[in-house]
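Residue numbers (my numbering), protein chains in the order written: chain A, 1 to 116; chain B, 117 to 227. Report on the structure given below.
Here you go:
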């Protein structure tokens, strides 16, 4: 399958700071990238759908001004958690999706965010 | 949006026995149903999937069945092994291409 990387893999920050997470599709042109959040022992919750060159579509209850998503190219999407607070501490995972008749999404390794 | 429910939340089986995990979905237009295995702190791994035009699919010890009318699908693992122990998630993809996950099943295979 396709290779998707995420950076950083782990980040610890102080409350009130902003954190940027990068998701790169290394060998696959992803027309769409998804961003998920996973709290401990819980499921993956879809936060937003990011389409290259257009604004992201956010799921209900996800604040678009707090979770800024940019999908500047077919291989890169970024998620910025602005003014992070302890309740934002979570595992953030992106996935790359090519669409069409090929449904599989390819996950990045995830980013563990801890906000102190 | 799509609502996916998954049962049971935990499952313990003896090595060699079968394990069955069931999911239901709400959006009748959903058309692709993958199953993932996730180990602690790792990304989900696709283990099997099924499209809405197929009723059953098998890959060695793993099989998935889909009942479109009832809007439910199930994962079957036969001859379980300790390395099958993990958290399993079902998911449904809607016509907007988004994926919605079930709540997960923590499977423990007892040697």
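Yeah, the Cβ is synthetic: ideal placement off N, Cα and C, and Gly gets one too.
Under the Cβ distance rule, residue 46/A counts among the residues neighbouring chain B, one pair being separated by less than 8 Å.
Interface criterion met: the Cβ of residue 107/A is under 8 Å from a Cβ in chain B.
The beta-bridge partner set that DSSP reports for residue 137/B consists of 191/B. Judged by DSSP in its simplified three-state form, residue 121/B adopts strand. A direct Cα-Cα distance of roughly 4 Å separates residue 195/B from residue 132/B. The continuous beta strand (DSSP E) containing residue 11/A extends over residues 10-13. Residue 63/A is outside the set of residues whose beta carbon lies under 8 Å from a beta carbon in chain B.
Cα atoms of residue 65/A and residue 83/A: separation of roughly 10 Å, rounded to the nearest angstrom. With respect to the C-alpha of residue 24/A, the residue from 57/A, 34/A and 55/A having the closest C-alpha is 34/A. Pairwise C-beta distances place the region 92-112 of chain A out of contact with the region 122-129 of chain B, as fewer than three of them are shorter than 8 Å.
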